[in-house]
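Numbering (the numbering used here), first residue to last: 9 to 393.
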């Protein structure tokens, strides 16, 4: 792509900032514009539940610097896109043209409140985290809806403060991703940490106005000082209405982060990887994928070969004071093919071998470098004692 060509990145997210930086790294010297929607600018989201809830000093460590990018930054949400004229219009009335567009608008928290119902607490933004931290300081009891990574991290923050907390979900903690073997261990550890679980037979509803509890499908009602919804995310695609780029899963991309419209690419939590006949459509809203897709989208926008696949199967979480790192395909099923150490003792290295010759490796409570986990996951051979 020549110096005169312009690239527009919509979304001041991890994926968007990564794409912008990689554009310059790859030698793009033309106009570069970033449209963001948050007054705080670009920042990293994983620490919101892992650090910000615990320590106000963490607020100042999240920023993703834009220094040296030589980019125009517009902090006004994108309202509409015209892919035929190759323009995007922002809420403040600006119309920005582009030669290549990278959609990186991420996702919003999924909400359960009824229309007009006040007081639902979610955790997606820095402002959300600050509000939740304030509420934690005064809560005597808590309910968390959702036993995924975010829900378990929020529950852990409650328990660490001595707040009795109940997690409500249709499945055991992390079962949909990590399978029964690890879910059972995590459930037991969390229970010992002071986290109670309530299984629901279906969707729950929020009660109170403002929200002060949940109603389960069987008629059971639970109340608490603090109710936090951790029920997943919704891709931010309203600004793409009428373009044909988005559906209920988000913006579909291929192996080079190209969309169904020429000149438009996408990266991060707004995307899903389109199926190819051998695999289904797949959303994977993890920060490692946002980085991988940001780089790939930047290369594709410049007409260059991608630096790698648009996915990076690495993520980590902290459950009841214990760090869990995962490298490889998920969800996990069945028993691990190899175990070093002891899950019961809170220190284990586990391997699940897959039919494609790769493995998923889980460091459960171990300080294991990510590079070492990646090396193990690249082969089906289990680690030796």
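Cβ atoms here follow ideal geometry from the backbone N, Cα and C, with glycine treated the same way.
Here the structure is a predicted model, which is why all the values come from computation and not from measurement.
Residues of the same chain with a CB within less than 6 angstroms of the CB of residue 30, apart from the 5 flanking positions on each side, are 303 and 306 in chain order. Excluding five sequence positions before and after residue 324, the CB atoms of its chain that fall closer than 6 angstroms to its own CB belong to 333, given in chain order. Rounded to whole angstroms, residue 370 and residue 103 show a C-alpha spacing of 47 angstroms.
As DSSP reads the structure, residue 369 sits in a beta bridge with 335 and 359. In this chain, the alpha helix (DSSP H) harbouring residue 161 covers 157-168.
Using a 10 angstroms sphere on the CB of residue 297, the tally of other CB atoms reaches 16 or more, which defines it as buried.
In this structure, residue 217 lies away from residue 235, with their beta-carbon atoms at least 8 angstroms apart. The beta-bridge partner set that DSSP reports for residue 243 consists of 115.
Here the alpha carbon of residue 282 sits roughly 28 angstroms from the alpha carbon of residue 36. Between residue 339 and residue 150, the alpha-carbon positions lie close to 29 angstroms from each other.
Here residue 60 carries a helix assignment [DSSP, helix/strand/coil].
Under a 10 Å Cβ-count criterion, residue 356 is classified as buried, with 16 or more other Cβ atoms of the shown protein chains found around its own Cβ. Taking a cut-off of 8 angstroms on C-beta distances, the stretch 98-115 touches the stretch 237-249, as three or more cross pairs fall below it.
Under the three-state reduction of DSSP output, residue 83 falls in the strand class. Counting along the chain, the unbroken beta strand (DSSP E) around residue 261 starts and ends at 258-261.
Taking 8 angstroms as the cut-off, the beta carbon of residue 107 is found closer than this to the beta carbon of residue 14. Cβ neighbours of residue 197 within its own chain (closer than 8 angstroms, five residues either side excluded): 327, 328, 330 and 354.
Residue 386: not part of any beta strand (DSSP E); DSSP gives it neither H nor E. Contact fails between the stretch 222-231 and the stretch 253-266, because fewer than three Cβ pairs, one in each stretch, are under 8 angstroms apart. At the C-beta level, residue 336 and residue 385 come within 8 angstroms of one another. Residues of the same chain with a CB within less than 7 angstroms of the CB of residue 344, apart from the 5 flanking positions on each side, are 189, 358, 359 and 360 in chain order. For residue 156, the number of other beta carbons within 10 angstroms of its own is at least 16, and it is reported as buried. By the Cβ test, the stretch 170-182 is not in contact with the stretch 74-91, since fewer than three Cβ pairs between them sit closer than 8 angstroms.
The beta carbons of residue 239 and residue 154 sit closer together than 8 angstroms. Distance check between residue 225 and each of 233, 237 and 206 places 206 closest, using alpha-carbon atoms only.
Residue state for residue 350 is assigned as strand, using DSSP reduced to three classes. A straight-line Cα-Cα distance of about 38 angstroms links residue 312 and residue 341.
The beta carbon of residue 51 sits closer than 7 angstroms to those of 70, 71, 72 and 134, all from its chain and outside the five residues before and after it, given in chain order. Inclusion of residue 109 and residue 16 in the CB contact set at 8 angstroms is warranted, their separation being smaller than that value. If you ignore the 5 residues before and after residue 295, its C-beta comes within less than 8 angstroms of the C-beta of 22, 52, 53, 54 and 323, all in its own chain and listed in chain order. By DSSP's assignment, residue 103 forms a beta bridge with 97.
Taking the C-beta atoms as reference points, residue 121 is found nearer than 8 angstroms to residue 214.
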